[in-house]
Amino acid sequence: MDFIMDYAQTFVNSSVQLVNAYPLMASLLLALGTVGSARYCYRTLSVFLQIFLLPGHSLNRYGAKKGAWAIVTGASDGIGKEFAFQLAKAGFNVFLVARNIELLNATATEIATKYSVSTKTASIDFAKCDEAAYEALSAKLQGLDIGVLVNNVGKSHAMPAYLVDTPKEEISDIISINVNATLRVTYAVLPGMIQRKRGLILNIGSFAGAIPSPMLATYSGTKAFIATFTSALAEEVRHHGITVEHINTYFVVSKLSKIRKASVLIPKPGPYVRSVLSKIGIPCGAAWSGRPNTSTPYWSHALLDYLITVINSPGLFISYTHALHKDIRKRALKKLERESKAQ
Ligand SMILES: NC(=O)c1ccc[n+]([C@@H]2O[C@H](COP(=O)([O-])OP(=O)(O)OC[C@H]3O[C@@H](n4cnc5c(N)ncnc54)[C@H](OP(=O)(O)O)[C@@H]3O)[C@@H](O)[C@H]2O)c1
Ligand SMILES: *[C@@H]1O[C@H](CO)[C@@H](O)[C@H](O)[C@H]1NC(C)=O
Ligand SMILES: *[C@@H]1O[C@H](CO)[C@@H](O)[C@H](O)[C@H]1NC(C)=O
Ligand SMILES: *[C@@H]1O[C@H](CO)[C@@H](O)[C@H](O)[C@H]1NC(C)=O
Numbered sequence: 001m002d003f004i005m006d007y008a009q010t011f012v013n014s015s016v017q018l019v020n021a022y023p024l025m026a027s028l029l030l031a032l033g034t035v036g037s038a039r040y041c042y043r044t045l046s047v048f049l050q051i052f053l054l055p056g057h058s059l060n061r062y063g064a065k066k067g068a069w070a071i072v073t074g075a076s077d078g079i080g081k082e083f084a085f086q087l088a089k090a091g092f093n094v095f096l097v098a099r100n101i102e103l104l105n106a107t108a109t110e111i112a113t114k115y116s117v118s119t120k121t122a123s124i125d126f127a128k129c130d131e132a133a134y135e136a137l138s139a140k141l142q143g144l145d146i147g148v149l150v151n152n153v154g155k156s157h158a159m160p161a162y163l164v165d166t167p168k169e170e171i172s173d174i175i176s177i178n179v180n181a182t183l184r185v186t187y188a189v190l191p192g193m194i195q196r197k198r199g200l201i202l203n204i205g206s207f208a209g210a211i212p213s214p215m216l217a218t219y220s221g222t223k224a225f226i227a228t229f230t231s232a233l234a235e236e237v238r239h240h241g242i243t244v245e246h247i248n249t250y251f252v253v254s255k256l257s258k259i260r261k262a263s264v265l266i267p268k269p270g271p272y273v274r275s276v277l278s279k280i281g282i283p284c285g286a287a288w289s290g291r292p293n294t295s296t297p298y299w300s301h302a303l304l305d306y307l308i309t310v311i312n313s314p315g316l317f318i319s320y321t322h323a324l325h326k327d328i329r330k331r332a333l334k335k336l337e338r339e340s341k342a343q
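Reading the sequence shown from the start, the letters are residues 1 to 343 in the UniProt record's numbering.
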């Protein structure tokens with residue numbers, strides 16, 4: 001204890017000597033320190049305000065309850081299905097897109113009976129580079145007053161794997177679905193939004209876009225594309241009254257994540273989508289780390305995201321993710337082995 005007191009005394013004495021010897025330098029350092037901590041406090045406070053208090057844009061701004069349509073890709077399951085239900089509840093007619101038409105039609109019927117809105121469905125396999133299918137989808141979208149587009153459809157790897165061990169087809173499917181579909185559907189919808197001078201485009205991204213994720217390298221890269229594409233497009237169409245937002249998502253319970261149990265950090269699609277739709281235009285921390293037009297709307301995802309940006313050491317998170325994915329792959333392979341033995 002004495003040793004610590006002595007040390008503190010020496011520190012204070014020598015600091016006082018330094019301040020006396022170099023008053024200008026000392027005041028400068030003090031001022032810098034104060035500005036630095038004030039900025040840090042201000043940021044932290046604003047992140048908390050955004051996450052817990054500030055409401056997002058009203059959906060009425062994008063045509064809710066006025067007969068406008070919301071298009072959702074990947075709308076028959078998981079996060080996309082939840083978007084379809086909640087946008088219908090908010091007063092949009094909904095247009096559901098995915099592969100399985102029976103499932104889409106069943107979902108559409110459920111929505112139309114629960115909420116008094118119109119529904120439409122279209123089947124397309126975004127993994128196939130099918131020009132005719134895209135033309136047919138575009139034709140169905142023409143003439144509709146589209147207020148909202150949710151580019152939700154997404155595919156990840158069947159299990160973590162090094163690039164050299166990833167099937168070629170899986171790589172191209174992930175790119176066609178995550179990148180091409182986002183571009184093509186946006187391209188089909190945007191001219192009408194520009195004409196009507198209103199629109200909301202939500203592009204569903206992932207933490208894997210910000211944290212390069214070894215053994216999911218292709219998926220991770222496509223999600224980084226989503227983030228950068230969103231920022232660029234947002235600036236292009238801002239003056240047309242169109243909002244484009246990248247939704248930064250950590251795990252959510254779904255088939256894609258293969259997670260079945262909700263927890264503090266992993267919500268079910270219901271609460272997740274409610275957070276997205278209640279925080280339109282509010283970055284919830286993402287703006288501080290140079291990611292314009294990104295929002296991390298779910299509260300625990302936003303706190304985690306803020307912590308990651310404050311720690312600011314990408315190498316640490318990349319090697320953590322690598323170790324995690326090695327482990328997940330090992331367990332996934334064991335499970336496959338057990339299943340093949342059981343047959
Ligand atoms: N869940 C998570 O933890 C998580 C985390 C970060 C980001 N995300 C992102 O959130 C988005 C939605 O994910 P999710 O977890 O809700 O996925 P999901 O439960 O697997 O649902 C995927 C939806 O997309 C459709 N779909 C799949 N392949 C398709 C294809 N080739 N062509 C057309 N439609 C197709 C599926 O219907 P059909 O099979 O009938 O086509 C289904 O409606 C994705 O962009 C994903 O990257 C999810
Ligand atoms: C799905 O619904 C559309 C109308 O909304 C209908 O034209 C189509 O035949 C239905 N398809 C199936 C397979 O049920
Ligand atoms: C994806 O888009 C690129 C660029 O337009 C195109 O060359 C490629 O064929 C597309 N692939 C698929 C599978 O749609
Ligand atoms: C995109 O982000 C920029 C910078 O934060 C902001 O000024 C602009 O309003 C945003 N645009 C849209 C369309 O949300």
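For every residue, glycine included, the Cβ atom is placed at its ideal position computed from N, Cα and C.
Please read these numbers as outputs of a predicted model, since none were measured by experiment.
Residues that residue i bridges to, as DSSP identifies them
i    : result
S15  : None, per the DSSP bridge assignment.
V150 : V72 and L202
T119 : V94
S254 : I259
D240 : Sequence inspection shows His at residue 240; the Asp mentioned does not correspond to that position. For H240, which the question treats as bridged, DSSP gives no partner whatsoever.
T218 : Partner(s): none; T218 has no beta bridge.
I247 : I204 and S295
C-alpha distance - residue i paired with residue j, whole-angstrom precision
i           : j    : result
residue 345 : K140 : With the chain represented from 1 up to 343, any question about residue 345 goes unanswered, as that position is not in the structure.
I194        : I177 : 25 Å
L336        : R329 : 10 Å
Y219        : N13  : 57 Å
F95         : A84  : 8 Å
I79         : L183 : 20 Å
R39         : L30  : 14 Å
A208        : L233 : 21 Å
Y272        : Y298 : 6 Å
H239        : G281 : 15 Å
A70         : V150 : 8 Å
T296        : K326 : 27 Å
G143        : G67  : 13 Å
Y42         : L202 : 28 Å
G221        : A64  : 34 Å
F317        : L307 : 12 Å
E236        : L190 : 11 Å
Y134        : Y187 : 11 Å
L45         : V185 : 38 Å
K89         : S156 : 29 Å
D130        : T309 : 40 Å
T10         : N248 : 49 Å
Q17         : N312 : 35 Å
Near ligand 1: residue i beta-carbon under 7 Å from a heavy atom
i    : result
N152 : yes
L202 : no
F225 : no
F251 : yes
G80  : yes
F11  : no
V241 : Looking at the sequence shown, residue 241 is not Val but Gly. False, no ligand heavy atom lies under 7 Å from that Cβ.
R99  : yes
D125 : yes
L256 : yes
S300 : no
A262 : no
S37  : no
D77  : yes
Any non-hydrogen atom of ligand 4 closer than 7 Å to residue i Cβ
i    : result
V244 : yes
P314 : no
R61  : no
N293 : yes
A232 : no
R238 : yes
A210 : no
Pair within 8 Å by beta-carbon distance, residue i and residue j
i    : j    : result
L123 : I101 : The sequence given here has Ser at residue 123, not Leu. In this structure, I101 lies closer than 8 Å to S123 by Cβ.
I226 : G205 : yes
N293 : T230 : yes
L200 : T243 : yes
I111 : G285 : no
T107 : K128 : no
H322 : P167 : no
V153 : T73  : yes
L265 : S289 : no
G56  : K279 : yes
G241 : K268 : no
S76  : L103 : yes
- Those residues, in chain order, that have a beta-carbon closer than 5 Å to some heavy atom of ligand 2: I101 and N105
- Where the beta carbon is closer than 6 Å to any heavy atom of ligand 3, which residues qualify, in chain order? C129, S176 and N180
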